Each structure stands twice: as structure tokens, then as C-alpha cells.
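These notes concern the structure reproduced below.
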Amino acid sequence: MGVIDALTLGFSVSLSWQNLYFCFIGVTLGTAVGVLPGLGPTATISLLLPLTFKMEPVSALIMLAGIFYGAMYGGSITSILMRVPGEAASVITCLDGHAMARKGRAGVALGMSAFASFAAGILSTIAIAVVGPLAAQLAFAFGPVERAALVLLGLVMVTMISTGSRANALAMVGLGLLLATIGADFVTGMDRFTFGRAELSDGINIALLAMGMFGLSEVLAMADKAGGAVRLLPQPKRLVEMLPNREDWRRSALPIGRGSAIGFFLGILPGGGALIASFASYIAEKKLSRRPQEFGHGAIEGLAGPEAANNAAAQGAFIPLLSLGIPANAITALMLGALMIQGVTPGPKLALDNPTLYWGTITSLFTGNLMLLVLNLPLLWLFVMLLRIPQYVLSPLIALFCLIGAFSLANSPLDVVLVVLLGLAGYALRKADYDPAPLVIAFVLGPIFEKAFRQSLLLGYGSPRIFLERPISATLLACCLLMLSWPLLRRALAAWRARRS
Amino acid sequence: MPRPAAAVWTVQGTLLLVAASGIVGATSLGWGSGDAPGPGMFPGIASVLLLVFTLGGLVRQLRSTSRTPAPAAGDEAGEAGEGANPARLLAYAAALLLAAFTFESLGYPLAIALALMVMLVAGERVRLAKALVITLLAVVATWGLFAGLLDVPLPMVPPPLRGFF
Amino acid sequence: MHRKIIRAGLAAVGAALILALAPLAAAQSFPSRPVRIIVPYPPGGSADALIRPLAQRMSDKLGQPVVIENKPGANGVVGMEYVAKSPPDGYTIVLGAIGPLSVTGAMQKLPFDPVKDFLPITFVASVPNVLVVNSVSPVKSVPDLVALAKAKPGQLNYGSAGPGSSNQLAAELFNQAAGLTIVHVPYKGGAPAQVDLLGNQITLIFDNLPPSLPHIKSGSFRPLAVTSRARQPSLPDVPTMIELGYARFEAGSWFGLLAPAGTPPAVIETLNAAAVGALREPELRTSLVGQGFDVNPGTPADFARFIREETEKWGNVVKVAKITVQ
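Chains as they are written, first to last, in this note's numbering: chain L, 128 to 628; chain X, 1132 to 1296; chain R, 11 to 336.
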């Protein structure tokens, strides 16, 4: 079956009234839970899972997929407007997105983030249709050794997302790595820093950290400001102020393309995921930019790239799910569960055995992204209006949503206590000039590195030499070394040039 | 912007304490060796990183406070005026802690309502009647959304009464 | 109507009185309100696939809704602890599994006692493991594997879903039975281990049958043996470990329903009848067998005996393999 035939078949499925309806429900719901802090797509999908058992498998998957990438759109909204990430993958959006909003460019930021997500969605859908299962083979080339080297490269660059002092950023990397080790050690099963609580042996959920360090600490910061009614942000008055201008488009085009590629690639790798993808894109843009000093102060590249990346990663994750039957993250694991309960087992033969499901789902990504754009653009006005809600109502409501969202992650009352403690800690750190962003990224990367590193040693019969013997990991390690020694190299180069001239 | 140095030192002191206990914990878990890392190796490395760079920050802080106040990093625009309202901050912090620790024992509607009232009345100085209305609306709305629509098994009443409502 | 008024009155009188009357009210006509089954694992896993259709049919038999509540954490320990501390009235029961009931206790201290804190209701189903290698591997059979492992001691490795998982236990049982030293490479969950077997990074997995089946059917994995007592209908050509000469080599994960200790015997009987009746319905049975479950309901006493045997068996494996924590 050629790609054209396949796509025709796919669209005949995804454009049926019934599936358009479920797609619409999915993306709307996704946007909504993305906006609400705490209640991320993972929690929502697990809550809605029982509903899908009575649906057609393809409709169920289309709806669940819609929740997933819809949340990537929605998660940006509160990140930009209030620096409260609607869900964990939007943490990076808080950095420059909220800085733009503070400069009165909230509408522009929202519009660009919707468009970047849309463009990435379309690009990665095309990529899935064209390369599809072949791209899945990429996941195999990345064994534990390569994963360890790749994540190490990420860890070396973590401090770059901070605008503050380098020492403080590195201290936060340490704290993030330390927090990430809470829970049962995956090799020996020994509990690390769990204080005897079984709930802690799975570690702290990343959503709790994002909600506490960004969401609740922002609520506390607002409370600590002078005056009764705080004016949150300057309000855009005319429609023109809400739309990106020509300069914004010019600066964003390449970051969106690069972000889509980075996100798509990292989405395929197991353990990758939207937050890492947006982080990688942010670092790439900051490195490539001629104005790196603007990052963290409202650089539109630092918004457009990561926004494209997190949506592309969300969609890239469908490749291993559909063509291997292997979930790349917790959300696609839930979708796999939903399909298995229905008696459909995704795997290498799904595209042949069940082409309506396979191509129907892939083409629905197309229609869903279009719906999201159409849904989001007219709503920009409404979202900016959210800021008209008086702060004395908005702040308590954000806090309320964080608490309930924390509970709904695992139906655990301890998580409610944790999110509050993390929020208070986050505010204290912020007062002392410690930036939470490197902490959150280190928290995500740390465990992946530890797992891959220790697995590699077990595979390499206990010798670290294995990292140098594999070409991909050796190359990545060379990059790490280059990054670490770059300041020295640059100085040496400058001195050499000076002597020559 | 003036930063209360005492707060910064408290935070740095706490970080040092966390790092030190991390190192102690890592040692009791066992560091292992480079070829066969034990469960304590990664927590240990993380703690050392935290210790070294917190100390680094502390030294810099000591040097700069002896001369001029440390320049603030990050976005100055939005943080201006922070630290100006300790009473409201305290009300929010207390409300959050109250809600967190009573979420299970009082049931979520009561815990949330109490916290909201503290934030609104003690923190925001909203009139009692208005605060009651906002609280009621918020509890009903979240109940409808989370318990009704999404089937989140939120604790509704104190445990001894469970099963009767 | 009357009951509603009485209940409202009781609530007003106070919690103490209600507590005193609760067991009486419960014993009169069980169940008089919805029954909750706690699943101590995240939604979407094999525990969910098993319990959701079962709960629906149990609800038909009990005449009250049966609701599923996922309380994941610590490989089942969090949810089990929650049920151990729930009122023993039959309205909160748990889908227990091999890990927290028979294995974890041998590795570390549990916040509950798997025997004293629970009353078994019925065994539900087991999931066998299948020994798989990558299809490019030179290993074509279990004897091949044993020969290779003996020729290269400590150089082969197996993936698992983590310490104490059924993948690890089966592999350690194999190591002990055949005198091998195949190295354990743990993962966080079964799926990432599968990816690395697909990428030929590890030698083998004693994988759970249902998630492994698609890769076997597509030719990516080569099945060498199954760990159930009899051959599997989905893999009729694959021998059992017992056939290959490993006596009593049965290793899989299993699930069963349990209530908190102190639940009245009549309530246990009612729940047992509902679950067993539902599991004997041909439609449910066929669909579960098709997914790779061995459905095998029985009496509470049968299940209690089974748990004791399993606990002893895996306790020994854990001890010999030194998987113990601390």
C-alpha cells in the first residue's frame, strides 16, 4: 500500500463524523487539563480510561491522543500568563513566555506558542507518515550506553537555562539530582531517603515538582507583593498587540523547524519526552542565537522552539507505540493499556493487520492539530481576559487547583503535603536567588542517566570502557568534553589570535 | 532591590544541611565503586555538587555584602515589591499547610474551604460574606469537575464517617 | 426511605455511635452499598485488564456497583497497605498479586503482614512468563542457551522490570536450577527492557507472555520456553520448562482478591461466590484466556494455601540469589 492510498484510507476514518467528534472532545479536554495546573494528560487519560472501553478502538485512540497533544497547547497558556505550568512539559515555556507577557506581549506569546505547536504537529505528522516504522529502528540504536552519553550531554548543559549565577545554578542541579534519587534504587530495591513511607518509594512525581516550584511558589510570590490588588500584567488593548509581527515571525521560523526535528527525534527514544525535548530545543536556540543574553528576558526564539519541540515529541512518541507496541513514556503506556484491554495489540504488524486503526490515528493528528489552532486563536482574547480576574480570587484558585491536581496524580494524600512543601521550598529558594529551572531539568535527566549508566556497566561486564567503544556514545562524550572545556579553549584561541596579529 | 540577607543565609544554611545529610545518607547506602556503583553513589555525587556550589555562593555572598548588596539575578521587573507583604505571605503559607495536612483527615471539601477562607479573609482582607460565597462556589465547582466529571476518588468526609455518605 | 432517615440521624448523633453500629448494619445485608476494589498498580496495566471486566460482572451478581480504584506505588505495597488498614466490612477489597504477597516480604520489611492482615477471597488468574531471545541470536533452544552461558560465564545477561519482578525471579530460578551466572540488568518496568531486547542490547528476558506475544508473532523475539505447567494455547510449539527437565519450574505472576483481616466469613463467602461465578462465565473466560491469562478461581482456603506455597518458594529463591535488601 502506497503512502497516498494509506493516507486516503486514514482520512476516510479520521474524517468520519464520529471520529471528528471524539477528536474534538479529546483536544478540547486536553487543552482544558493542560490549562489547569496539576491535572496533566497522564492523570486525565488514566481517569478517562474506563470510558474508552466501550468505544471503537480507533475512536478511543484518537480521543486519547487528542488529550495528549491538546495538553501541550493548553499547558503553555498558564505558563505564559501566570508562570504556572499547566503541566510539567511546559516548565520551559515559563522562562521566556512569561517574560514576554511581563513586557505586555502576552497575546504575541500565546499566538506564537499556538502556531509553533501547530506547525510542529503538522511537520511531525508528515514525518510519521513518511518515515514511520523506519524511525522506530532509531530507538534500537540507542541502547543504555548511548542513552547515558546523550543524557550526560544534557546534564552538562543544564545550567545554560538559568539567567542567574552559575554557582547557584549548579547548586540547584545538585539539589535536583538529589531529589531525583528519592525512592527505591532500581538495581538493589533499597529505599533511598523515603523516611519509611512506601508512597515515596516510587520517587516524587515530576508534576509535583513543577507545580510546587513554579505554580505554588508563584502564588506565594504574588501574595508577598505590596498593595491590596496587584496588577498582574500590562493588558494588551488592541488586536494588533496580540498578534506576532513580521520580526517575530522571522525570528521564530527556524527555531520552530529545529524544535520540531529535535522534539520528534527525542519523542521516539524511550524515556525521552516532551519536557526533555523542550529543554534541548531551548539550549539549541540559545547556543545558536546571536542574542543569547535576551534569553530568559523574553526572547521569542526561546518560546517558539521549545513549544514546537514539546508538541513534536508528544507526536513522535506514537511511532514506537503504533509500530512497535512499545510505549516511550507513561502516557503512551496508558494508551497501550487501553488498546490491550480492547483486544488490540499494537506491534510491527499493526499497519498491515489493522490499517484503519494505524492510519486513522495518524491522520487524526493532522485534523486534531488543525482543530487546536482554530480553537486556540479566537480564544487568545479570552485567555488574556483571565488576567482581569482579580488577583485575590485568582491566587487562591490556582492554589486550590494545585492541591487537587496533586491528589489526582496517584490518589495519594501524601502528594498534597509534598506539593505544598515543595512550593514553600521553591519560594524560599527563589528569594535567595536560586533558579528552579535547572533543578527541574536535572530532576528529570538525573534518573535517566543513573539508570542508563548502571545498566551500561552491567552490560559492559563492569568496565566503563564500553562508553568509548561504541561510536555514538564516544562521539557524544567528545561533545561533552568540548562543552566543558569550551570557555578555556575560547580563551586560548583568543590569546593565540592576539599573539599572531 | 534590597534583599533580606538573613533569608538568603537561612536558605543557604538549609541547603548545606540537606547536602550534609545527603552525604551521610549516601554513605550509609554504600557508594560502591566506579565499576559497580552502589545505591549511594548518585545521591552522594548530587550532595557533593550541592555542598560545593552552595559554599561557593556563600563565599561570594560574604564578599559582596561586605561591600555592596548583591545584584539580583533574573527578571527584576516582576519581582519588584516582593517581600513587602509578610502578613499576606504568612496567611497563604499557613492556608496551604493547613489544607495539605487536613486534606485526608477532614475530607477535601472542608480542608479546602478552610484554606480558602484563611487566604481570602486573613490574606486578602475580603469581607466575610464575599469570602464565603467565593469559597462555596470554588468547592462546588471543583467537586463537580473532579469528583463528578472525572471520578477522582477525593476524600469527602473524615474517615470515621466514610461509607455513610 | 426509612433507611435514609435512620442514616441521617445516625450521622447527627456522632461518629462513635456510627462506628459501634457499622458492623451490625454491614452484616445484615451485604452489600448494601458500592464495593470498591483497590488495584495497587497504575491504570492500563495487566491488573487493570483483568479486573475491569471481572468487576463489571461481579457487580451484576452482587446487585451493587463494583468500582475500581487505582492506588499505585512501590510495586503494589502502597495499595495493599491502604486496604490492610481499611475497615474489615467487605466494602474495600484488593486485587493482590505475587509481588507484595509473596516476594517483597522476603526482600524488605513491609508495612503490613501479607498473611495476618488479609483474608483471601479467591485466586483469579496467573500470567506465565516466556523465555525470549532476539531472533538474530545464535541461541535456538534452552540447551543452546545453557551451553553458551557455561562457555561464557558472567557474560550473558537478562533484562527485568526491576528487583523482585517476576522476570527476575524466573531468571534467578533458572540460574539456580541450571547452575548458571546470567547477569541481571534491571529496568524500570517491562517495556524499556523489551526495547533493549529488540535492539539486541541484552541476551534474554523471562518476559510476561501478553506483552511479549506481539513481538513473538512478528518474528522479532524467539520464544525458547514457557514457565507454566502446561503449554500455552497461544504458543503450542513452545515447550514448558518442566518438559525440558526443570522439575517444578513454574514462574509467573498471579492475581487474587483479598479482604482486610476481620471481615465476617459470610461476607467473604458472598464475594467469593460473585467472583468465582463471574470467572466461570464462558464469555469472560474466553476473553481473558485470549489475552494470555490462566483463569483459575477457587475457594478462599485454596488461595490461602497457594499464597503460603508461593511465599515459601520465592523466599528461598530470593535468599539463594541474595536479592535481599539490607
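Beta carbons are placed, not taken as given, at the ideal position from N, Cα and C, and that holds for glycine.
All figures in this text were calculated on a predicted structure; none of them were measured in a lab.
Contact check for G174(R) and N85(R): beta-carbon distance about 7 Å, within the 8 Å limit, so the pair qualifies. Here E183(L) carries a coil assignment [DSSP, helix/strand/coil]. Chain L places no beta carbon closer than 8 Å to that of R67(R), leaving this residue out of the contacts. Contact check for I395(L) and A266(L): beta-carbon distance about 6 Å, within the 8 Å limit, so the pair qualifies. T132(R) has L267(R) as its beta-bridge partners, per DSSP. Just so you know, the alpha carbons of P419(L) and P433(L) end up roughly 15 Å apart. Fully contained in the segment 287 to 375 of chain L are the following alpha helix (DSSP H) runs of length 4 or more, in chain order: 293 to 307, 333 to 337, 344 to 350. Per DSSP, T273(R) lies in no beta strand (DSSP E) segment and is marked neither H nor E. Runs of alpha helix (DSSP H) with 4 or more residues, each lying fully within the segment 104 to 165 of chain R, are found at 114 to 117, 152 to 161, listed in chain order. Look at L393(L): its C-beta is not under 8 Å from any C-beta on chain R. Using a CB distance cut-off of 8 Å, T472(L) counts as an interface residue toward chain R. DSSP places F570(L) outside any beta strand (DSSP E); the residue lies instead in the alpha helix (DSSP H), whose first and last residues are 563 to 586.
The alpha helix (DSSP H) runs lying completely inside the segment 207 to 247 of chain R and spanning 4 residues or more are 219 to 227, given in chain order.
Legend: CB atoms of the segment 183 to 202 of chain L lying less than 9 Å from CB atoms of chain R are not found in any residue. Measuring C-alpha to C-alpha distances from A569(L) to each of V285(L), G495(L), A619(L), T179(L) identifies V285(L) as the nearest. For N503(L), the enclosing alpha helix (DSSP H) begins and ends at 482 to 512. Its chain contains A235, T237, F259 as the residues whose beta carbon lies nearer than 7 Å to that of M251(R), once the 5 sequence neighbours on both sides are disregarded; these appear in chain order. By the Cβ neighbour-count rule, L175(L) is buried, with 16 or more other Cβ atoms within 10 Å of its own. Across the segment 114 to 142 of chain R, CB contacts with chain L closer than 8 Å involve M117, Q118, P121, in sequence order along the chain. Taken through DSSP and simplified to helix, strand or coil, S217(L) comes out as helix.
Between the alpha carbons of I172(L) and R62(R) lies a distance of about 16 Å. Identification of chain X residues near S535(L) by a Cβ-Cβ cut-off of 7 Å yields F1277, V1283, ordered along the chain. Straight across, the Cα-Cα distance linking L1245(X) with G1279(X) is about 21 Å. Counting C-beta pairs with one atom in each stretch, the segment 153 to 168 of chain R and the segment 91 to 106 of chain R have fewer than three that are closer than 8 Å, which means they do not touch. A Cβ of chain X is located within less than 8 Å of the beta carbon of K352(L). At a cut-off of 8 Å between beta-carbon atoms, M1250(X) makes contact with chain L. Between F320(L) and chain X, the shortest Cβ-Cβ separation is below 8 Å.
Taking a beta-carbon distance threshold of 8 Å, S96(R) does not count as an interface residue toward chain L.
For D1166(X), the number of other beta carbons within 10 angstroms of its own is below 16, and it is reported as exposed. Between G1156(X) and G1163(X), the C-beta spacing is not below 8 Å. Among the residues of the segment 181 to 215 of chain R, those with a Cβ less than 9 Å away from any Cβ of chain L are V193, H194, V195, P196, Y197, K198, G199, A201, P202, Q204, V205, D206, L208, G209, N210, Q211, I212, in the order of the chain. In the DSSP assignment, G300(R) falls within the alpha helix (DSSP H) that extends over 292 to 300.
Looking at M338(L), L521(L), G310(L), R597(L), the one whose alpha-carbon comes closest to that of P563(L) is M338(L). In the structure shown, T205(L) adopts helical secondary structure according to DSSP, grouped into three states.
For a Cβ distance threshold of 9 Å, residue set P52, P53, G54, N80 of chain R lies close to S173(L), ordered along the chain. Distance from the Cα of I253(L) is smallest, within the candidate group V511(L), Y561(L), N496(L), for N496(L).
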